[in-house]
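Residue numbering for the sequence shown follows my numbering, beginning at 14 and increasing consecutively.
Positions of the beta carbon are idealized from the N, C-alpha and C atoms, including for glycine.
For clarity, every value in this text was computed on a predicted model and none was experimentally measured.
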Amino acid sequence: MALHLLRSALARGDPSLVHASWGTFIHAFEIVHFHHEQHLLEQVWSSIASLIELTTVMASSTDKNEACCLFTEPLPFDWFQGIVQRCWHHDNPVVRRITLVDFMAVAVSTWQKKATAMAIHPDVIPFVLTALFPALNDPFLFKHEKYQVRAAIFGDSTRGNSPDALLAMLSVFGDLEPLSCHLLDAEGLRVLRYIVHAHVLQSFPKIMKVLVPVLERILFAFTVPPESLPLDVLARYLLLFPVDHIHVHRKEFVSYLAPIQPMVQDALTSYFDATSAPTLSTAALTRLVLCSPLSTQEALAPMLSSTPLKAHVCQFYQQLHRELPTIGEKDAITAQLPAIYFAEGLALAFPSCSPNSTPAMHADDLPGQLAMAYVVTHMALYAMQTQGDCTAGHALNETLATLLASVDIVSQHEARFAIQCLELIATEAPFLMDSLSVFDPQELVPHLLQLSPGKPANHDHPTRTTSTQQFVLAKYTVLSSVLSSCWALPPPLLQTLLDSVLEALPTAGNDPLVLQHMVHVIRVVLPYTVFNLPTDEDKQIHLDDVYSQVWAAYSDSRKPNSLTLAVIQCVMVYLKADSAAVALKERYVRFVVLAFLEDAPVACHGLLEKLTIALLELQLKPEYQMPQMVNSEGFGRQLRSWQALCVLSRYIQPHTVDAIHDLFWHKSFLNHNLPQIRYFIELFAMRVAVASVSLRLLPVDDTPQLHLDTLLLMVPWLNSTHGHTRTIVQFVALTLLPYFLSHEATASRVAFLQPTLRYLSTNKECKRMFRRQTDQMASFQPEKECTLAGLLGGTLNEFDEIVPVSIVEQIKESLSASFAQFLKEDRHHGGQYQSTVAGSLQLFPSVTSSQDDVALPTAAGTNDASVSHDQIVQRKIDPNATAFLDELLAQTQAETLRDQQVNARRQRHQPIPNVAGLARTCEIFNASKLLIPSASMTQDILFRQISVTANKWVDMEEVPPANVRPYLRRMKQVGYTIVALEQTSSSACLSTFAFPERCVIVLGNEKEGIPVDILQAVDLCVEIPQMGVIRSLNVHVSGAILLWNYTQQRLLASRRVAP
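And the structure:
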């Protein structure tokens, strides 16, 4: 309606006075808003570009029209915005990317050319900021290899969030040399910190291992000096760095912060001053001190001695003590605490146990109370370890005993505080714990079993769930720590403890850390409970019950490596293999399992055979049968299961091979897995094959028939369109053919392959590939790859997954290297291949003859006298290397030959998407007719969607495959030249080929190409020059390339004739 009104308004005035930009605008507006086809938008883009040049700059005074009518003036920019906005929100990401890039290119070019005479229109700047930049923030625009940015960064109205783009943007600082001017000021650093904290740390913490070095370089090399930054901005930015990273690079951070040490001292003074509010948070101030020289820590003593003990002082000590890297530094900071802090801390942290103490704290003060307990604990530990003074430890013990004795009558807050104090001592000071009688397991374990979190007085309090989880975690942490050093509990108490933990297991799934401690408790008590049952049957029944409950809770929980390790250790108690989990990091817990599987005791071999069968049955589940995204959770499960099967393959025995055959070859082996997983599947297949009775004797001398049959089955793949497939078959042929040709018993069966062997043995590229393959195969040992050491030989990616480099990938790399060497040599010797592919690859000299001398095959048969060496054949079938075909065909019965011809004709049928795409291409380039194998294809809904009504405008004729030769004969009779697109021994290169004015273009099947009988009926063959390894293009793409070349030649010819 708006477009109609605009047209009517323009039509009412004098057309001669209307500025031409309005007509351009209406035309472009109509195409952009009402048509979605990419090619139409590309056609109208030149008009849009002219409007960009016109509207994004201010017109000079001499260009202004004196008339007052709107339409006599050039199109305003605010009218034009809608066109590009619509392009930037197009459904097709290719359209969005092209129009965004072209808009920026045209705008910048225009501004550079006209910057001296004209200024940028004032409305353009906010438009760029509010419309262009958000449109660029689109992950679908950059999903291509050549773009470093693969996803959107952040924002409320973007199409997706991911740290990849942020990492790609910031990675430029890794290579950028420091500049004379700084790129980031305080505001820039504040924004960067927020982006990383809100959009990376919260959802993608693993990427920080890559991002942290970049953030450090940005701070040190590209940010204003630290004295120019607000201290709170700098401190919060430092909090992004993991403590371990600061420990490793502490010298660099200390050197960077050296100029602002007076500011840090002032912040410390303000923090400890009880009369004023601290200017920095505890975490921020602690991080500044950690990145400061040791003198800053040593200067804390006078501040502490003049400051009464308060909760925030204890929290500062707790935070700093935990982050300091060495025990010496921790002891040094503890030594600076005034002695009076211990008594004050006991009174403030345990008010119910001190008669002269201040009133009890509120529940919200629990973090402060625990911080005071932290200070008291480490002061007692320091006195005991450095001076042998146990006085403070005894006082802490008496206070804890008093608190535990009254835990039933005090508030729930006090009960939670008591159990968390015990947890603090058990985790922070186990040396001190062993010296305190309050941790006597005979008294403490029954007491802990009776404790429950209870219910807060305010049932709707927001911290109710958190406080309950903290109570449960503290309870089982203390139990786990106490039982780790005590074995003297009576069996009834241990059985009660086991029953209590098993009863609580189903509720622990929400917190993996709680479940981890529960599993540890179960592992400790199992040898003294279930293992002591009188009969093996009872023992097995109870063990099955315990392990099933543990596994059920584990399955319902998140699975950090520390929890998985605890579950494995619990299971290995029964297998007596605890040592298998020693000396390995928790993050690599699966390697613990693989190490055990690789060197399991003989008594476990039966269990491992069952495990192999179970893992193969697991591959039959739908989630294991379909390909998963790389580094996804499903991908990890598939990858690790096949890695485990490879390690287990050493235990395959003859009596289990049949069961494995049934599950593997006809089922899991056929799954569509990614190459990284397929590599391990094929490794397992090799191991299964070796374990089979029929394949144990692998030398050729012992199994010649087996090797010969294998060779003959592989020979047809020499004609594969995949380079790596051909390379593997060539390697097998070069390895086995000399043996069989040299033995009289087998020579006759492989005599037809002798030309092939001769070609492979003399061709330079084939010999080079064979040498590379020999080296690769010599280093490839399946039995070694199926060990833990072999697995660890792969690449460990950022997600801690072992990703192998498969044989196929190695072959592809070798092919690329070989082809690059070939091109290098070709360029050095005149570039014959790259200038004319057909001429450089012609296999034997051409025979000059006139067209009248060539006799075409007739419907009745083939004129044998005319074929000889001038026959056109596909170059994928090398006449020199496959001369054996004549002998093979002569030995083949006529009926078999006819069946093969029928199959070839069926393969000429093209998929509907290809035919529909060709129809659309024919309409664009105005081809006179498209021949299709079946008219019914045009009624298919997929055909209509892809062809976009092209079938209404292009004349289509049905020509079944059996009628192709007669049709071509008729077209020749009316003056058409038949041109086939095929790689043949006499094909011309498309770059130098001149199309006849009237021609019929014949396209073949993507895999088999054009059949021989059709090739003998064509006049000319042309091929598209290719510089890669793959030998074929999609048939629609190939046809489009030819049609465009034909059209281009006609257009150029018409221009030459026009003058």
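Nearest to residue i (by Cα), restricted to the options the options
i	options	result
residue 1085	325, 112, 25	There is simply no residue 1085 to check, as the chain begins at 14 and stops at 1072 in what is shown.
residue 247	633, 280, 840, 481	280
residue 56	43, 68, 67, 66	43
residue 227	98, 179, 666	179
residue 796	721, 503, 697, 705	697
residue 132	145, 984, 68, 305	68
residue 936	1056, 989, 139	1056
residue 673	947, 640, 629	629
residue 1022	411, 752, 733, 188	733
residue 608	559, 661, 631, 414	661
residue 270	680, 237, 783	237
residue 416	406, 407, 427	427
residue 656	1012, 319, 816	816
residue 526	485, 513, 716	485
residue 566	99, 1000, 531, 405	531
residue 451	574, 481, 491	491
residue 502	458, 46, 521	458
residue 546	568, 563, 505, 339	505
residue 112	125, 143, 60	60
Three-state class that DSSP yields for residue i in the structure shown
i	result
residue 299	helix
residue 531	helix
residue 236	strand
residue 930	helix
residue 943	strand
residue 864	Residue confidence for residue 864 is low, a pLDDT of 32 falling below 50, so the modelled location carries little weight and cannot support an answer.
residue 808	strand
residue 710	Confidence is the limiting factor: at residue 710 the pLDDT is only 46, short of 50, which leaves the residue's position unreliable and the question unanswerable from this model.
residue 799	coil
residue 510	helix
residue 742	helix
residue 665	coil
residue 779	helix
residue 553	helix
residue 935	helix
residue 194	coil
residue 1074	Residue numbering for the chain in the displayed model covers 14 to 1072; residue 1074 lies beyond these limits and cannot be assessed.
residue 279	helix
residue 260	helix
residue 985	helix
residue 305	coil
residue 599	With a pLDDT of 43 at residue 599, under the threshold of 50, the predicted position of this residue should be treated as unreliable, and no value is reported.
Neighbourhood of residue i by C-beta distance below 6 Å, restricted to the same chain and skipping five residues each side
i	result
residue 555	543
residue 53	44
residue 397	403, 406
Residues bridged to residue i [DSSP beta-bridge criterion]
i	result
residue 1033	992
residue 1013	991
residue 815	809
residue 1022	1018
residue 969	943
residue 70	133
Same chain, Cβ closer than 8 Å to residue i, five either side skipped, listed in chain order
i	result
residue 685	638, 639, 640
residue 290	none
residue 831	778, 781, 782, 785
residue 633	676, 680, 681
residue 751	770
7 Å Cβ shell around residue i - same chain, five flanking residues per side excluded
i	result
residue 912	With a pLDDT of only 34 at residue 912, under 50, the local geometry of the prediction cannot be trusted, and no value is derived from it.
Q: For the region 712-728 and the region 746-755, state whether three or more C-beta atom pairs, one from each stretch, are separated by less than 8 Å.
A: The region 712-728 is in contact with the region 746-755.
Q: Check whether the region 251-262 touches the region 288-308, counting contact only when three or more Cβ pairs, one atom from each stretch, lie closer than 8 Å.
A: Yes, the region 251-262 touches the region 288-308.
Q. Quick check: the region 997-1007 against the region 962-970, are there 3 or more CB pairs under 8 Å?
A. A contact is defined here as three or more CB-CB pairs under 8 Å, and the region 997-1007 fails this definition with respect to the region 962-970.
Q. Looking at C-beta atoms only, is the number of pairs between the region 954-963 and the region 986-1002 that lie closer than 8 Å three or more?
A. Taking 8 Å as the limit for Cβ pairs, the verdict is that the region 986-1002 does not touch the region 954-963.
Q) Do the region 713-720 and the region 664-671 make contact, defined as three or more Cβ pairs closer than 8 Å? A) With a cut-off of 8 Å, the region 664-671 and the region 713-720 do not count as touching, because too few Cβ pairs lie within range.
Q. Are the region 734-743 and the region 751-767 touching by the rule of at least three beta carbon pairs closer than 8 Å?
A. The region 734-743 is not in contact with the region 751-767.
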